[in-house]
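Visitor: Line order of the protein sequences matches chains Z and L. In this text, residue positions in the first sequence follow our numbering: the first is 1, and each later residue adds one. In this text, residue positions in the second sequence follow our numbering: the first is 1001, and each later residue adds one. Virtual Cβ for every residue (Gly too), placed ideally from N, Cα, C. Sending over a structure as structure tokens; questions will come in a sec.
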Amino acid sequence: MNKNNTTRYFLHKKYTYGKLWMLLVLASFLGVYSCASSEQMQQQSQSTLTPITEVEIPTPDPRVGLQAGLFDAEETIWNLRLLSTTPPPENFLGVTNSDLAFKGNYAIQGNYNGFMVWDISNPAQPELVIDYLCPASQSDVSVYGDLLFVSGEGLGGRLDCGTEGVQEVASEERLRGIRIFDITDIKNPLYVSNVQTCRGSHTHSVLVDPDDDENVYVYVSGSAPVRPEDELPGCSSALPEDDPNSALFRIEVIQVPLDSPEDAAIVSSPRIFEDLEAPPEHGLSPADIAELEQAKAEGRFVAEFYGRERIIPDRFVTRLLVNIVEERGGTGEPTEADSTLLRERLPDLLAEMTGGNDGEEEQQYGPNQCHDITLYPEVGLAGGACEGYGLLLDISDPAAPVRIDAVADSNFAYWHSATFNNEGDKVLFTDEWGGGSQPKCRAEDPMEWGANAIFSINGGKMNFESYFKLPAPQTPEENCVAHNGSLIPIPDRDIMVQSWYQGGINIFDWTDPANPIEIAYHDRGPIDPNRMQMGGSWSVYWYNGYIVNSEIARGLDVFELTPSDFITQNEIDAANTVTLDYLNAQGQPKFVWPASYALAKAYLDQLERNRELDMMSINSLRSSILRAENANGSRKAELLNELASEIESKASASSNSKKMNKLAETMKNLAAS
Amino acid sequence: MANESINQSRKLFLINFINYLKMSSHKIQNRYYRFSGIRTQLIVTLFAGMLISGLAGCSTSEMAVDTSSAETADQTERDFEKMEEIYWARIDSSKMSFTDADVEFMTGMIGHHAQALIMSDLAPKNNAGPAVQRLAARIINAQKDEIATMQRWLRDRNQPVPVVEIDGLILTISMEMPEEGMDDNMDMEHDTSHGMDHDMSGDEMDHSAMGHHGMDHSNMPGMLTQEQLNELGRLNGEEFDRKFLLYMIDHHQGAVIMSDTLFDTDGAALDEQAFRLAADIKVDQETEIERMKLMLRNMESE
Chain Z
1 MNKNNTTRYF LHKKYTYGKL WMLLVLASFL GVYSCASSEQ MQQQSQSTLT
51 PITEVEIPTP DPRVGLQAGL FDAEETIWNL RLLSTTPPPE NFLGVTNSDL
101 AFKGNYAIQG NYNGFMVWDI SNPAQPELVI DYLCPASQSD VSVYGDLLFV
151 SGEGLGGRLD CGTEGVQEVA SEERLRGIRI FDITDIKNPL YVSNVQTCRG
201 SHTHSVLVDP DDDENVYVYV SGSAPVRPED ELPGCSSALP EDDPNSALFR
251 IEVIQVPLDS PEDAAIVSSP RIFEDLEAPP EHGLSPADIA ELEQAKAEGR
301 FVAEFYGRER IIPDRFVTRL LVNIVEERGG TGEPTEADST LLRERLPDLL
351 AEMTGGNDGE EEQQYGPNQC HDITLYPEVG LAGGACEGYG LLLDISDPAA
401 PVRIDAVADS NFAYWHSATF NNEGDKVLFT DEWGGGSQPK CRAEDPMEWG
451 ANAIFSINGG KMNFESYFKL PAPQTPEENC VAHNGSLIPI PDRDIMVQSW
501 YQGGINIFDW TDPANPIEIA YHDRGPIDPN RMQMGGSWSV YWYNGYIVNS
551 EIARGLDVFE LTPSDFITQN EIDAANTVTL DYLNAQGQPK FVWPASYALA
601 KAYLDQLERN RELDMMSINS LRSSILRAEN ANGSRKAELL NELASEIESK
651 ASASSNSKKM NKLAETMKNL AAS
Chain L
1001 MANESINQSR KLFLINFINY LKMSSHKIQN RYYRFSGIRT QLIVTLFAGM
1051 LISGLAGCST SEMAVDTSSA ETADQTERDF EKMEEIYWAR IDSSKMSFTD
1101 ADVEFMTGMI GHHAQALIMS DLAPKNNAGP AVQRLAARII NAQKDEIATM
1151 QRWLRDRNQP VPVVEIDGLI LTISMEMPEE GMDDNMDMEH DTSHGMDHDM
1201 SGDEMDHSAM GHHGMDHSNM PGMLTQEQLN ELGRLNGEEF DRKFLLYMID
1251 HHQGAVIMSD TLFDTDGAAL DEQAFRLAAD IKVDQETEIE RMKLMLRNME
1301 SE
């Protein structure tokens, strides 16, 4: 990371392209670029970056057929560098490692036995700061300020952190909910309080309200069984129509006062699922729409119920018409007027029937709980992965999230988690089919099952774009399905790293939501060659230049990206200018790229890769940027401002004038800095 | 009087229509079905003890991939071997904390899942619609894997393992006995196609055929009788779809009740794998129930 830019630029080019014309670029460093001959200029006009759809990938896939082993499994890696693998401390060995959170130089790793704090200042050798023994599954972790939040769902979690479990169905010793620790001194976490919840906490999400600096909010997710009332008063698993305080069909929002976390308490239990009725598909297919149109043209009765236009079957129409005839005291065949009257009345009639207070009627509740809710406060949205549905929530009022859209999908078993792209105009949902403990990436498992589904968001509505699943088939001995991940801040691209349990981790580009492309991976063979043993990547997140992986059995892996035909060193450098003070992947941060030469060069690489600007202009801009970078004092600002104007004037010549303007903006900001 | 009868018939019609709109209102009853005669026999876990000894002898293990000298490499090798030993010992000890209720849940659920396979296997043969075929394929994939997991769970704990054999509509479950003891039951084989009854009230489960003496799955909630299976086997196309969904909703609700029962038993589901499996079965099937209800409603509106 400390190499000077010139050297790195050279190395990068040598590694990536290894082409003759590189000499020219090197020459330009030495200030002799103006002497380039016309022959060289011609070579220079050839683009050397390949569009990512055309890059060749390793075949056969080296992830197939890896040898098994716990700490000595065969591994394969592509476009990543593994910096370290650190096994869990002794008393956490053989117990499931779970989610990750980050604060400063620390990675906090959950484990069903408690949590571990790692100092990752030296990513090649993470140091264990503390292993805090306090069993509860899943021990998913989040941080905010000096507080650490830990989820407890399983039946064996104890208030006193004891390891003996709890045997009774109802016990006052059991903890299911959120544990809160003060980590002002991270070496000595202080257990300050608990918030017990009716269904415990499988996971949770911390919401930082931009308008409230006194509190944070924790959305509790989980679909485990409701606790008996004897254990936690007020918990009811009755249907809401029988008990309005039922713990079903709602989420819980905990308010945590930052000055007095011991006063943390549930402030609301919004029923965000109420009246949810989404079609079992992504939406009406063109064929469905055509059928409805045809029915209307034929004069059949069409009316909306359960949020969707449907054709009313003739047998009901006939009976309804008879009712109308009887009503006017008539007999015989219904007349045209009767038909018209029915058409007029139909919407009200249906509304009355479906919304009536008939005691016999069953209300539609939709999903019962959410698995994960990803909060993206900067865009005011949250993605709820809630059983059979993917929800889009408006979270401008943190205590009162409002559902604005819902999708369902017959290919999705169980909506697990959501990740927005940085702009907030796309969302990716994962389907944790089989709960993470089943091998769902075998060659015969369909690519739409246990996969990601990508949606674009327009005007608060989600539109399905594509599926994406780990493309390398895994053995029946490897639990594998889509799991947690996070964005990697490659500017102007939507790139994500994701866990696939024993399918390993991979990185893919979903900038084009209809055509996601895998660009890097790491995978190990199964833990056990003969049988499925729970393991693999639980969570993998990008944090300040590194990719940190919580491996269920093997511990903590730290990776970094290496330049490839998919990502240039400039793009990696630009990503690494993004620094976060802390990270909870379920509370998505908005990445902001400070103006840097790396950013400018990354934009230029992208313009070249995507064929969005002619090579002559690209090379000339590259040279000018280098010249400005090496200039001193007021000359620097002058050159940068000139460049900004030049880029703006060329913007219309590019097929991506938006990126050109971002590039110009970067120049201006560099000039001003 | 005439008016009243018109109102009456209108009311009947409306109820009929509402039922049609809400076709699939199969409310999950919060009525628990219990295995009878459970003796909560806890095998005290060695886990806590292991942890304490682990703590006492704790040497923080940090392994960098980059090991420069041969000596360090040797040391690393030894450390990994030691860690591997601890890992497997702990995995083994985690298998020692379970109750009769966990065993009965696994044993029962294997047979329950097996019937779902029989039903789902019919879908392609009986010309189910594409949506039902997809659902059935998913159920087969999911429940086959879960059966394997539950069998492994039982085998790991030295318990009798139900082995499923499916021949068309006939389900045969034989018990594979653990290597030690119980050899007097080796020949147990139970053919559930005979003597099935249709008691789904499920307040009490007939326990006489459970445990060491093989399996009788017929009294579990949501199980179809052989007649119902045969009936389903005779249906085709849309008729099959409708019946399949109705039966599968009941069947899934049965599995949900079985999971609830497990969670409602002292000391049960403390085993990590059992908790996860039962919780997953519960939530997956609840989700699928909602989806099937929706499919039924859509089917009725066409």
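Determine the direct distance from the alpha carbon of Z/Val64 to that of Z/Ala472, and round the result to whole angstroms.
Guide: Computed Cα separation, rounded: 7 Å.
Visitor: Identify whether Z/Asn97 lies in helix, strand or coil by the three-state DSSP scheme.
Guide: Of the three classes helix, strand and coil, the one that applies to Z/Asn97 here is strand, per DSSP.
Visitor: For the region 64–83 of chain Z, which residues have a beta carbon sitting closer than 8 Å to at least one beta carbon of chain L?
Guide: Those residues of the region 64–83 of chain Z that come within reach of chain L (Cβ to Cβ, closer than 8 Å) are Leu70, Phe71, Asp72, Leu82, Leu83.
Visitor: Counting only C-beta atoms, is Z/Ser654 closer than 8 Å to chain L at any point?
Guide: Answer no: the Cβ-Cβ gap between Z/Ser654 and chain L never drops below 8 Å.
Visitor: Using a threshold of 8 Å, state whether the C-beta atoms of Z/Leu666 and Z/Leu599 are closer than that.
Guide: Position check: residue 666 of chain Z holds Thr in this sequence, whereas Leu was assumed. Yes. Within cutoff.
Visitor: Hey, could you find the ends of the alpha helix (DSSP H) L/Pro1130 is sitting in?
Guide: Unbroken alpha helix (DSSP H) run through L/Pro1130: 1130–1156.
Visitor: So what does DSSP say about Z/Gly545, is it helix, strand or coil?
Guide: Note: Z/Gly545 maps to coil in three-state DSSP.
Visitor: I'd like to know whether the C-beta atoms of Z/Leu556 and Z/Asn506 end up nearer to each other than 8 Å.
Guide: It is not a contact, given that the beta carbons lie outside the stated cut-off.
Visitor: Thinking just about the alpha-carbon of each residue, which of Z/Val481, Z/Cys134, Z/Pro210, Z/Leu613 is nearest to the one in Z/Arg174?
Guide: Residue Z/Cys134 is the option with its Cα nearest to Z/Arg174.
Visitor: Give the interface partners of Z/Tyr112 over in chain L, defined as CB-CB distance under 8 Å, in chain order.
Guide: Within 8 Å Cβ-Cβ: Glu1272.
Visitor: Could you have a look at L/Met1196 and say whether DSSP puts it in helix, strand or coil?
Guide: Since pLDDT at L/Met1196 reaches only 35, below the 50 mark, its modelled position is unreliable, and no value is offered.
Visitor: Using a Cβ cut-off of 8 Å, which residues of the region 1272–1292 of chain L contact any Cβ in chain Z, in chain order?
Guide: Under the 8 Å Cβ criterion, the region 1272–1292 of chain L contributes Glu1272, Gln1273, Phe1275, Arg1276, Leu1277, Ala1279, Asp1280, Lys1282, Val1283, Asp1284, Glu1286, Thr1287, Glu1288, Glu1290, Arg1291.
Visitor: If you measure beta-carbon to beta-carbon, which residues of the region 1233–1265 of chain L are closer than 8 Å to chain Z?
Guide: Answer set for the region 1233–1265 of chain L: Ser1259, Asp1260, Phe1263, Asp1264, Thr1265.
Visitor: Looking at C-beta atoms only, is the number of pairs between the region 170–190 of chain Z and the region 135–152 of chain Z that lie closer than 8 Å three or more?
Guide: Flag = yes, the region 170–190 of chain Z and the region 135–152 of chain Z touch.
Visitor: What does the Cβ neighbour count give for Z/Lys601, buried or exposed, with the cut at 16 atoms within 10 Å?
Guide: Under this definition Z/Lys601 is a buried residue.
Visitor: Determine whether the Cβ of L/Asn1141 lies closer than 8 Å to any Cβ atom of chain Z.
Guide: Output row for L/Asn1141: interface = yes.
Visitor: For the region 108–120 of chain Z against the region 88–98 of chain Z, are there 3 or more C-beta pairs whose distance is under 8 Å?
Guide: Yes, they touch.
Visitor: When burial is assigned at 16 or more other CB atoms within 10 Å of the CB, is Z/Asp696 buried or exposed?
Guide: Nothing in the structure corresponds to residue 696 of chain Z, since chain Z is present only between 1 and 673.
Visitor: Buried or exposed for Z/Ala124, going by 16 or more other Cβ atoms inside 10 Å?
Guide: Its Cβ having fewer than 16 others within 10 Å, Z/Ala124 is exposed.
Visitor: Roughly how many angstroms lie between the CA atoms of Z/Ala399 and L/Ile1139, to the nearest whole one?
Guide: Using only the alpha carbons, I get a separation of about 38 Å.
Visitor: Rounded to whole angstroms, what's the CA-CA distance from Z/Gln606 to Z/Thr184? Just pull it up for me.
Guide: Rounded to whole angstroms, Z/Gln606 to Z/Thr184 spans 43 Å at the Cα level.
Visitor: Please tell me whether Z/Pro526 has its Cβ less than 8 Å away from any Cβ of chain L.
Guide: Taking Cβ atoms only, chain L never reaches closer than 8 Å to Z/Pro526, which makes this a no.
Visitor: Report the residue from Z/Thr203, Z/Pro210, Z/Tyr521, Z/Gly156 whose alpha carbon sits nearest the alpha carbon of Z/Cys370.
Guide: The candidate whose alpha carbon is nearest that of Z/Cys370 is Z/Thr203.
Visitor: Just by C-beta distance, which residues in the region 165–199 of chain Z are closer than 7 Å to chain L?
Guide: Listed by position, the residues of the region 165–199 of chain Z near chain L (Cβ gap below 7 Å) are Gly165, Gln167, Glu168, Val169.
Visitor: Run through DSSP, which three-state label would L/Phe1275 get?
Guide: Residue state, collapsed to three classes: helix.
Visitor: Can you list, in chain order, the residues of its chain with a C-beta nearer than 8 Å to that of Z/Tyr501? Leave out the 5 residues immediately preceding and following it.
Guide: So the qualifying residues of the chain are Gly436, Glu478, Asn479, Cys480, Val481, His483, Gly535, Gly536, Ser537, Trp538, Ile552.
Visitor: For L/Thr1225, which of L/Ser1120, L/Gln1115, L/Phe1263, L/Ala1137 has the nearest alpha-carbon?
Guide: Residue L/Gln1115 is the option with its Cα nearest to L/Thr1225.
Visitor: Who are the neighbours of L/Phe1080 on chain Z, taking C-beta pairs under 9 Å?
Guide: Those within 9 Å of L/Phe1080 in chain Z are Leu70, Phe71, Asp72, Pro87.
Visitor: Return the chain-ordered list of same chain residues with a C-beta closer than 8 Å to the C-beta of L/Asn1127, the five sequence neighbours on each side being excluded.
Guide: Excluding sequence neighbours, L/Asn1127 sits near Asn1236, Gly1237, Phe1240.
Visitor: Can you tell me whether Z/Ala672 is buried or exposed, with buried defined as 16 or more other CB within 10 angstroms of its CB?
Guide: Counting Cβ neighbours within 10 Å, Z/Ala672 comes out exposed, since fewer than 16 surround it.
Visitor: Using a Cβ-Cβ cutoff of less than 7 Å, which residues in the same chain neighbour Z/Glu224 once the five nearest sequence positions on both sides are dropped?
Guide: The question names Glu, but residue 224 of chain Z is Ala in the sequence shown. Closer than 7 Å at the Cβ level, and outside the excluded window around Z/Ala224, lie Glu153, Arg199, Gly200, His202.
Visitor: Taking only runs of the beta strand (DSSP E) that begin and end inside the region 82–160 of chain Z, which ones reach a length of at least 3 residues, in chain order?
Guide: Here the runs fully enclosed are 97–103, 106–111, 114–119, 127–133, 138–144, 147–152.
Visitor: Return the residue from the list L/Thr1076, L/Glu1286, L/Glu1165 that minimises the CA-CA distance to L/Ser1259.
Guide: If we check each option's Cα against that of L/Ser1259, L/Glu1286 comes out closest.
Visitor: What do you reckon, are the CB atoms on L/Ile982 and L/Val1164 nearer than 8 Å?
Guide: Nothing in the structure corresponds to residue 982 of chain L, since chain L is present only between 1001 and 1302.
Visitor: Name the chain L residues whose beta carbon is nearer than 7 Å to that of Z/Leu93?
Guide: Simply Met1083, Ile1086, Tyr1087, Arg1090.
Visitor: Closest to Z/Pro516 by CA distance: which of Z/Asn421, Z/Phe559, Z/Glu444, Z/Pro594 is it?
Guide: Closest option to Z/Pro516, Cα to Cα, is Z/Asn421.
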